[in-house]
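Each remark here refers to the structure printed beneath this line.
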Amino acid sequence: MALAFGQLILFSGTSFAENATSPVQLTQSSAPAERSGEFQIAQAQTGGQVNIGRTQNKTDANAGTVSVITTRNLGAPFMTATLDLSTLLDSGERYEDMRVIPVVARGKEQNLWDILYLKGIDAGFVQTDILSYLEDDPRINSIKQRLRFICVMFPEEVHIIARNEIKSLQDLDGLKVSINARGTGSSVVGSLLFKRLGINAILENVDTNRAIARMKEGDLAAHINVLAKPARPVLRIKKEDGLHLLPIPHSDEIAELYFPSSFTSEDYPELVPAGTEVQTISAGNVLAVFN
479 MALAFGQLIL FSGTSFAENA TSPVQLTQSS APAERSGEFQ IAQAQTGGQV NIGRTQNKTD
539 ANAGTVSVIT TRNLGAPFMT ATLDLSTLLD SGERYEDMRV IPVVARGKEQ NLWDILYLKG
599 IDAGFVQTDI LSYLEDDPRI NSIKQRLRFI CVMFPEEVHI IARNEIKSLQ DLDGLKVSIN
659 ARGTGSSVVG SLLFKRLGIN AILENVDTNR AIARMKEGDL AAHINVLAKP ARPVLRIKKE
719 DGLHLLPIPH SDEIAELYFP SSFTSEDYPE LVPAGTEVQT ISAGNVLAVF N
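Positions 479 to 769 (my numbering) are the ones given, in order, by the sequence shown.
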């Protein structure tokens with residue numbers, strides 16, 4: 479990395495057009511006095527003459543580049559899917575024809591705003607419920623005109639982890655519930671779910687690790703996480719933690735937004751007894767682009 483940054487500094491005074499036509503010869507007299515160890519070795523071996531040998535210019539480097547905003551979880555399926563696209567679609571000697579660049583995200587609600595406004599973002603993953611979530615936003619018509627869905631992706635299950643004494647969604651009325659960090663897909667689902675079902679829970683934005691700790695302390699009743707099953711944070715929960723997966727029936731109030739799904743002991747052996755299942759819902763996902 480030190481060598482790369484050193485080269486970048488050296489190029490700051492040279493046009494990329496010049497680099498495209500002929501390699502740049504840098505001598506000790508034209509380069510800064512201090513160098514990384516690797517650069518100093520290169521100078522010593524060549525008598526002070528270092529041939530950078532860069533023939534690619536700025537236009538070449540950006541041609542065919544597609545930046546995809548993915549997820550905040552590096553091991554999540556959407557990051558894996560984007561890495562697969564990168565491997566399959568990269569083409570050209572220096573990837574001038576096609577180069578897919580995965581970008582770590584804050585969350586799938588934030589992805590929408592990043593697609594619309596963040597410089598350099600070409601595409602990103604958003605949930606299919608995002609427009610319903612923003613239906614009261616005064617910008618909704620403008621958002622609809624500037625957003626296009628180009629590819630249907632796989633759905634992800636809605637996990638509601640609750641203390642054992644909480645038996646139904648209605649039991650959460652008046653209690654503190656975490657809908658995960660602000661800007662995440664979980665916060666979108668949590669807000670819509672309780673609104674559509676008429677449950678007046680006290681919604682807070684708390685990340686998963688802190689939410690689980692607070693539930694164990696008795697300070698929080700439940701936590702929502704939208705992840706493809708089996709989700710790693712849920713797999714870490716043990717029977718003795720006093721937590722369970724709360725059932726989410728698929729009702730008319732939410733049928734237009736979410737699909738029916740379920741959890742079995744194969745998904746979560748610590749939380750679902752063998753031969754039984756826990757009802758839940760799943761949120762659809764799409765790859766979206768700026769129109």
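Just so it is clear, CB atoms sit at the ideal spot from N, CA and C, and this is done for glycine as well. Values in this document were obtained by computation on a predicted structure and should not be read as measured data.
Check, Outcome
"Note down, in chain order, each residue of its chain lying with its Cβ closer than 6 angstroms to the Cβ of Ser-729, except the 5 sequence neighbours on either side.", "none"
"Please classify Pro-727 as buried or exposed, where buried requires at least 16 neighbouring CB atoms within 10 angstroms.", "exposed"
"Give a yes or no on whether the C-beta atoms belonging to Ser-669 and Tyr-736 are separated by under 8 angstroms.", "no"
"Under the rule that 16 or more other beta-carbon atoms within 10 Å means buried, what is Gly-585, buried or exposed?", "buried"
"What is the C-beta distance between Val-764 and Cys-629, in whole angstroms, given that I count them as a contact (C-beta under 8 angstroms)?", "7 angstroms"
"Look up Ser-646 in the DSSP assignment and say whether it is helix, strand or coil.", "coil"
"Is the Cβ-Cβ distance between Leu-647 and Leu-705 less than 8 angstroms?", "no"
"Report the partner residues of Arg-641 according to the DSSP bridge assignment.", "Leu-721"
"From which residue to which residue does the beta strand (DSSP E) around Pro-711 run?", "It is not in any beta strand (DSSP E) - Pro-711 instead sits in the alpha helix (DSSP H) that spans 710 to 713."
"Candidates Glu-635, Thr-565, Arg-626 and Met-693: which alpha carbon is nearest Thr-742's?", "Glu-635"
"Whole-angstrom Cβ separation of Gly-762 and Pro-555, contact assumed at under 8 angstroms?", "Actually they do not touch by this definition, with Cβ atoms about 14 angstroms apart."
"Among Thr-754, Glu-682, Arg-692 and Ala-541, which residue has its Cα nearest to the Cα of Gly-661?", "Glu-682"
"Nearest to Asp-562 by alpha carbon, out of Val-578, Glu-574, Glu-571 and Thr-549?", "Val-578"
"For the alpha helix (DSSP H) containing Tyr-611, name the first residue and the last one.", "608 to 611"
"Hey, is the stretch 590 to 603 in contact with the stretch 696 to 704, meaning 3+ C-beta pairs nearer than 8 angstroms?", "no"
"Given a threshold of 16 other Cβ atoms within 10 Å of its Cβ, counted over all protein chains shown, does Pro-537 qualify as buried or as exposed?", "With the sequence shown as reference, residue 537 is identified as Thr, and Pro is not the correct amino acid for it. Its Cβ having fewer than 16 others within 10 Å, Thr-537 is exposed."
"Here's a check: name, in chain order, each residue in its chain whose Cβ is nearer than 8 angstroms to the Cβ of Ala-752, leaving out the five neighbours to either side.", "Ser-743"
"I need the straight-line Cα distance from Ser-664 to Phe-603, nearest angstrom please.", "14 angstroms"
"Give a yes or no on whether the C-beta atoms belonging to Ile-608 and Leu-590 are separated by under 8 angstroms.", "yes"
"Could you check the C-alpha separation between Val-544 and Met-557 for me, to the nearest Å?", "15 angstroms"
"Going by CA-CA distance only, name the one from Thr-606, Leu-594 and Leu-552 that's closest to Val-770.", "Look at the range of the chain in this structure, 479 to 769, and you will see that residue 770 is not part of it."
"Is Phe-768 near Leu-594, with beta carbons less than 8 angstroms apart?", "yes"
"Write down every uninterrupted run of the alpha helix (DSSP H) in the stretch 549 to 623 whose length is 4 residues or greater and which is fully enclosed by it, in chain order.", "555 to 567, 586 to 595 and 608 to 611"
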